[in-house]
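Its first residue numbered 1, the sequence shown is counted upward by one per residue in my numbering.
The beta carbon of each residue, even a glycine, is placed where N, CA and C say it ideally should be.
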Amino acid sequence: MREILRTTDVTDLSDRDIPSMFLEVVGSGWSLTAAGGRVLTDLRPDAPGTYVDRLAEETTINGRGMTDYDLPAAPDERTPRLVRRCLAYVCACLRKAQEEFGDTQVKAYVSLSFADTEEALLTSNVTFCTPLPDVRPYIPDLEAVMDAAVAEISLEDCSVWS
(Lines of atoms letter the chains of each structure in order from A and count residues from 1; the text may use other names and numbers.)
(Lines give C-alpha, C1' and ligand atoms only; values in the text may rest on other atoms or scores of the structure.)
Protein backbone atom coordinates (compact mmCIF):
# COMPACT_ATOMS: atom_id res chain seq x y z
CA MET A 1 0.00 0.00 0.00
CA ARG A 2 2.87 2.37 0.73
CA GLU A 3 4.07 2.00 -2.87
CA ILE A 4 0.58 2.61 -4.27
CA LEU A 5 0.16 5.73 -2.15
CA ARG A 6 3.67 6.91 -3.01
CA THR A 7 3.07 6.65 -6.76
CA THR A 8 -0.51 7.93 -6.84
CA ASP A 9 -1.38 11.62 -6.82
CA VAL A 10 -3.61 11.89 -3.78
CA THR A 11 -3.36 15.64 -3.30
CA ASP A 12 -6.40 17.90 -3.38
CA LEU A 13 -8.94 15.15 -2.68
CA SER A 14 -12.48 16.47 -2.74
CA ASP A 15 -16.12 15.45 -2.95
CA ARG A 16 -15.69 15.37 -6.75
CA ASP A 17 -13.65 12.18 -6.29
CA ILE A 18 -16.49 10.40 -4.43
CA PRO A 19 -19.20 8.50 -6.37
CA SER A 20 -22.69 9.92 -5.76
CA MET A 21 -23.95 6.90 -3.78
CA PHE A 22 -21.03 7.22 -1.35
CA LEU A 23 -21.43 11.00 -1.20
CA GLU A 24 -25.00 10.45 0.04
CA VAL A 25 -23.64 8.18 2.79
CA VAL A 26 -21.21 10.93 3.84
CA GLY A 27 -24.02 13.48 3.85
CA SER A 28 -26.17 11.42 6.21
CA GLY A 29 -23.39 11.28 8.78
CA TRP A 30 -22.90 8.95 11.72
CA SER A 31 -25.00 7.50 14.50
CA LEU A 32 -24.64 5.20 17.49
CA THR A 33 -26.15 1.73 17.70
CA ALA A 34 -27.75 0.37 20.87
CA ALA A 35 -24.43 -1.31 21.67
CA GLY A 36 -22.54 1.96 21.23
CA GLY A 37 -21.17 1.17 17.78
CA ARG A 38 -20.25 4.11 15.60
CA VAL A 39 -21.86 3.52 12.22
CA LEU A 40 -22.61 5.44 9.07
CA THR A 41 -26.31 6.22 9.33
CA ASP A 42 -27.23 5.36 5.72
CA LEU A 43 -25.53 1.95 6.01
CA ARG A 44 -27.47 0.82 9.10
CA PRO A 45 -29.63 -2.22 8.37
CA ASP A 46 -33.39 -1.89 8.85
CA ALA A 47 -33.38 -4.68 11.43
CA PRO A 48 -30.61 -4.75 14.04
CA GLY A 49 -28.23 -7.68 13.73
CA THR A 50 -26.40 -9.81 16.25
CA TYR A 51 -22.66 -9.29 16.45
CA VAL A 52 -19.86 -10.86 18.46
CA ASP A 53 -18.67 -7.45 19.68
CA ARG A 54 -18.69 -3.78 18.78
CA LEU A 55 -15.79 -4.22 16.37
CA ALA A 56 -17.74 -6.79 14.35
CA GLU A 57 -20.81 -4.58 14.39
CA GLU A 58 -18.95 -1.51 13.17
CA THR A 59 -16.90 -3.22 10.46
CA THR A 60 -19.88 -5.21 9.17
CA ILE A 61 -22.23 -2.25 8.95
CA ASN A 62 -19.65 0.27 7.72
CA GLY A 63 -17.84 -1.96 5.22
CA ARG A 64 -18.46 -1.59 1.50
CA GLY A 65 -16.74 -2.27 -1.77
CA MET A 66 -15.94 0.97 -3.59
CA THR A 67 -17.77 1.59 -6.85
CA ASP A 68 -15.44 0.68 -9.70
CA TYR A 69 -17.62 -0.57 -12.56
CA ASP A 70 -17.14 2.72 -14.43
CA LEU A 71 -13.35 2.71 -14.19
CA PRO A 72 -11.09 1.62 -17.03
CA ALA A 73 -9.50 -1.83 -16.83
CA ALA A 74 -5.96 -0.63 -17.59
CA PRO A 75 -4.11 -0.64 -14.24
CA ASP A 76 -2.28 2.64 -14.89
CA GLU A 77 -5.66 4.39 -15.28
CA ARG A 78 -7.73 2.33 -12.85
CA THR A 79 -5.47 2.28 -9.79
CA PRO A 80 -5.07 6.04 -9.24
CA ARG A 81 -8.77 6.75 -9.75
CA LEU A 82 -9.82 3.94 -7.42
CA VAL A 83 -7.36 5.03 -4.74
CA ARG A 84 -8.52 8.65 -4.98
CA ARG A 85 -12.14 7.55 -4.61
CA CYS A 86 -11.39 5.51 -1.52
CA LEU A 87 -9.30 8.16 0.16
CA ALA A 88 -11.71 11.00 -0.60
CA TYR A 89 -14.58 8.95 0.84
CA VAL A 90 -12.53 7.97 3.89
CA CYS A 91 -11.48 11.55 4.64
CA ALA A 92 -15.00 12.91 4.23
CA CYS A 93 -16.39 10.22 6.54
CA LEU A 94 -13.67 10.74 9.14
CA ARG A 95 -14.32 14.50 9.18
CA LYS A 96 -18.03 13.80 9.73
CA ALA A 97 -17.18 11.35 12.53
CA GLN A 98 -15.15 14.02 14.30
CA GLU A 99 -18.06 16.45 13.99
CA GLU A 100 -20.49 13.88 15.36
CA PHE A 101 -18.44 12.34 18.16
CA GLY A 102 -16.07 15.18 19.03
CA ASP A 103 -12.95 13.02 18.74
CA THR A 104 -10.76 11.26 16.18
CA GLN A 105 -11.18 7.72 17.46
CA VAL A 106 -12.78 6.29 14.29
CA LYS A 107 -10.24 4.72 11.93
CA ALA A 108 -10.71 3.76 8.30
CA TYR A 109 -9.35 0.66 6.61
CA VAL A 110 -8.84 0.60 2.86
CA SER A 111 -7.89 -2.62 1.15
CA LEU A 112 -6.97 -3.11 -2.49
CA SER A 113 -6.84 -6.54 -4.07
CA PHE A 114 -7.36 -8.24 -7.39
CA ALA A 115 -10.79 -9.68 -8.09
CA ASP A 116 -11.01 -13.44 -8.37
CA THR A 117 -12.26 -13.20 -11.95
CA GLU A 118 -10.77 -13.81 -15.35
CA GLU A 119 -9.99 -10.09 -15.72
CA ALA A 120 -8.44 -9.89 -12.20
CA LEU A 121 -9.25 -6.20 -11.96
CA LEU A 122 -8.12 -4.19 -8.96
CA THR A 123 -10.98 -3.72 -6.50
CA SER A 124 -11.24 -2.09 -3.12
CA ASN A 125 -13.07 -2.25 0.17
CA VAL A 126 -13.48 0.46 2.78
CA THR A 127 -14.65 0.07 6.36
CA PHE A 128 -14.53 2.04 9.59
CA CYS A 129 -14.22 1.08 13.24
CA THR A 130 -13.26 2.47 16.60
CA PRO A 131 -10.33 0.68 18.24
CA LEU A 132 -11.25 -0.42 21.76
CA PRO A 133 -8.87 -1.40 24.54
CA ASP A 134 -10.75 -4.61 25.36
CA VAL A 135 -11.31 -5.81 21.77
CA ARG A 136 -8.73 -7.24 19.35
CA PRO A 137 -7.64 -4.88 16.56
CA TYR A 138 -9.57 -5.08 13.29
CA ILE A 139 -6.40 -6.22 11.48
CA PRO A 140 -4.03 -7.43 14.20
CA ASP A 141 -0.81 -7.38 12.15
CA LEU A 142 -1.41 -4.96 9.32
CA GLU A 143 2.16 -5.19 8.01
CA ALA A 144 1.88 -8.98 7.63
CA VAL A 145 -1.11 -8.92 5.24
CA MET A 146 0.07 -10.53 2.02
CA ASP A 147 -3.01 -10.99 -0.18
CA ALA A 148 -4.02 -7.32 -0.32
CA ALA A 149 -2.67 -3.81 0.07
CA VAL A 150 -4.17 -2.46 3.29
CA ALA A 151 -3.95 0.87 5.07
CA GLU A 152 -5.26 2.11 8.39
CA ILE A 153 -6.15 5.76 8.04
CA SER A 154 -6.89 8.33 10.71
CA LEU A 155 -8.29 11.83 10.36
CA GLU A 156 -4.79 13.16 10.93
CA ASP A 157 -3.61 11.30 7.80
CA CYS A 158 -6.24 13.10 5.73
CA SER A 159 -4.71 16.52 6.35
CA VAL A 160 -1.91 15.55 3.97
CA TRP A 161 -4.30 14.78 1.10
CA SER A 162 -7.05 17.37 1.24
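Quiz prompt | Limits of the beta strand (DSSP E) - the one that R38 falls within | solution = Unbroken beta strand (DSSP E) run through R38: 38-40.
Quiz prompt | Residue(s) in a DSSP beta bridge with D30 | solution = The displayed chain sequence assigns Trp, not Asp, to residue 30. Answer by DSSP bridge pairing, in chain order: L40.
Practice problem: Just the C-alpha distance for Q105 and A148, rounded to the nearest angstrom, thanks. | Solution: Distance between the alpha carbons of Q105 and A148 is about 24 Å.
Quiz prompt | 8 Å Cβ cutoff met for W30 and F101 | solution = Yes; because the gap between Cβ atoms is below 8 Å, this pair is in contact.
Quiz item: Quick one: what does DSSP say L112 is sitting in, helix, strand or coil?
Solution: DSSP, reduced to helix, strand and coil, places L112 within a strand of the structure shown.
Quiz item: What's the C-alpha gap between D63 and V126?
Solution: A small correction: the amino acid at residue 63 is Gly; Asp does not occupy that position in the sequence shown. If I take the Cα positions, the gap works out to 6 Å.
Quiz item: Taking DSSP as the reference, what is the three-state secondary structure of S20?
Solution: S20: helix per DSSP, three-state reduction.
Quiz item: Between the region 87-96 and the region 132-147, do three or more beta carbon pairs fall short of 8 Å?
Solution: Segments in contact, no.
Self-check item: Close Cβ partners of R44 (< 8 Å) along its chain, the five nearest in sequence each way excluded
Solution: Excluding positions up to five away in sequence, the list reads S31, T33, I61.
Practice problem: Give the straight-line distance between the Cα atoms of I153 and V110, rounded to the nearest whole angstrom. | Solution: Across the structure, I153 and V110 are spaced so that their CA atoms are roughly 8 Å apart.
Quiz prompt | Cβ distance (whole Å) where D68 is taken to contact T11 below 8 Å | solution = About 21 Å separates the CB atoms of D68 and T11; that is not less than 8 Å, and the two are not in contact.
Quiz item: Based on Cα-Cα distance, which residue from P75, V145, V83, Q98 lies nearest to R6?
Solution: Just measuring C-alpha positions, the residue of P75, V145, V83, Q98 sitting nearest R6 is V83.
Quiz item: In this structure, what does DSSP give as the bridge partners for F128?
Solution: Residue pairing by DSSP places F128 opposite A108 in a beta bridge.
Self-check item: V150: first and last residue of the uninterrupted beta strand (DSSP E) it sits in
Solution: Element bounds for V150: 149-153.
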